[in-house]
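J.: Sharing a structure, written as structure tokens. Questions coming.
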Amino acid sequence: MLRKLLISVLVIALMVALVLWLGHANGAGRANRNAGDKDRITLESRVGAWNAILVQSRVDRTATSSPPWGARGEQHLSARERKPWLMVESLRIRHGSEEIVVPRSAFAALAFVNTMTLLQLDDGDTGCVVYMDGADASEGWRCELTVKGSHVTRRLVHSSEFPDNFREATNYVSVQPNN
Numbered sequence: 002m003l004r005k006l007l008i009s010v011l012v013i014a015l016m017v018a019l020v021l022w023l024g025h026a027n028g029a030g031r032a033n034r035n036a037g038d039k040d041r042i043t044l045e046s047r048v049g050a051w052n053a054i055l056v057q058s059r060v061d062r063t064a065t066s067s068p069p070w071g072a073r074g075e076q077h078l079s080a081r082e083r084k085p086w087l088m089v090e091s092l093r094i095r096h097g098s099e100e101i102v103v104p105r106s107a108f109a110a111l112a113f114v115n116t117m118t119l120l121q122l123d124d125g126d127t128g129c130v131v132y133m134d135g136a137d138a139s140e141g142w143r144c145e146l147t148v149k150g151s152h153v154t155r156r157l158v159h160s161s162e163f164p165d166n167f168r169e170a171t172n173y174v175s176v177q178p179n180n
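2 is the number of the first residue of the sequence shown in the working numbering; add one for each residue after it.
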């Protein structure tokens, strides 16, 4: 009886280890969220040689500012009812020691990021996708940033309610000057 119990525990432990190893081997990295500071939140995700760090901070908004992704439904609220937006302040992506060029337009209009996940592309070490989910319910959104080589090549943002309908699609190109 004890032997069967030990074998069962060992099989379960091996299965858990295999699932964890496969989850890491396929190139998925979930973000870790810092604790403590409520006005500044940092998310970090790693997979293979890729690393992404996203920093959000609370900002007071003016009546004339256009609402970012995740806060568009607050337009009908009075100034007293509105809370400060938790906006993405910076996004740094690294591949090993190389800093990836991330245009500010790739993250500046995103608010209330809940999760960030890195997925390494199947083409080896040359690319990754940064998935970010933000806000909730009808305000929910998902952003996918595709990185190839040393820069971001594409940004897709869509509603969480209607994931098949992209709301914004941006393609980035690297223009090299002629010397």
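Where is the CB? At the ideal position from N, CA and C, for every residue including glycine. In this text the structure is predicted, and so the values were computed from the model without any measurement.
1. For Gln121, list the residues DSSP reports as bridge partners.
2. Rounded to the nearest angstrom, what separates Arg143 and Glu162 at their Cα positions?
3. Given a threshold of 16 other Cβ atoms within 10 Å of its Cβ, counted over all protein chains shown, does Leu23 qualify as buried or as exposed?
4. Mapping DSSP to helix, strand and coil, what is Ser160?
5. State the start and end residues of the unbroken beta strand (DSSP E) segment that holds Met88.
6. Could you work out which residue in Leu111, Glu100 and Gly141 is closest to Glu90 when comparing CA atoms only?
7. In the DSSP assignment, what are the bridge partners of Gln57?
8. Quick one: give me the first and last residue of the beta strand (DSSP E) that Glu140 is part of.
9. Would you kindly work out how many angstroms separate the C-alpha atoms of Thr118 and Leu7, rounded to a whole number?
T.: For this structure:
1. Position 120 of the sequence shown, counted from the start, is the residue given in the question as residue 121. In the DSSP output, where bridge partners are listed per residue, Gln121 has Cys129.
2. On the sequence shown, position 142 is the one that residue 143 refers to. On the sequence shown, position 161 is the one that residue 162 refers to. If you take the alpha carbons of Arg143 and Glu162, they lie about 10 Å apart.
3. Translated into positions along the sequence shown, residue 23 becomes position 22. Note that Leu23 scores a pLDDT of 40, beneath 50, so its modelled location is shaky; the value from the coordinates is reported in the next line. Exposed.
4. Against the sequence shown, residue 160 aligns to sequence position 159. Strand.
5. As a first step, residue 88 must be located in the sequence shown, where it is residue number 87. Counting along the chain, the beta strand (DSSP E) containing Met88 begins and ends at Trp86 to His96.
6. Along the sequence shown, one-based indexing puts residue 90 at 89. For the residues Leu111, Glu100 and Gly141, the minimum Cα distance to Glu90 belongs to Leu111.
7. By one-based count along the sequence shown, residue 57 stands at place 56. Ile42 and Val89, per the DSSP bridge assignment.
8. Here residue 140 refers to the residue found at position 139 of the sequence shown. Taken as a continuous stretch (DSSP letters only), Glu140 belongs to no beta strand (DSSP E), as it is neither H nor E.
9. Here residue 118 is taken as the residue at index 117 of the sequence shown, counted from 1. Here residue 7 is taken as the residue at index 6 of the sequence shown, counted from 1. Near 36 Å, if we compare the C-alpha coordinates of Leu7 and Thr118.
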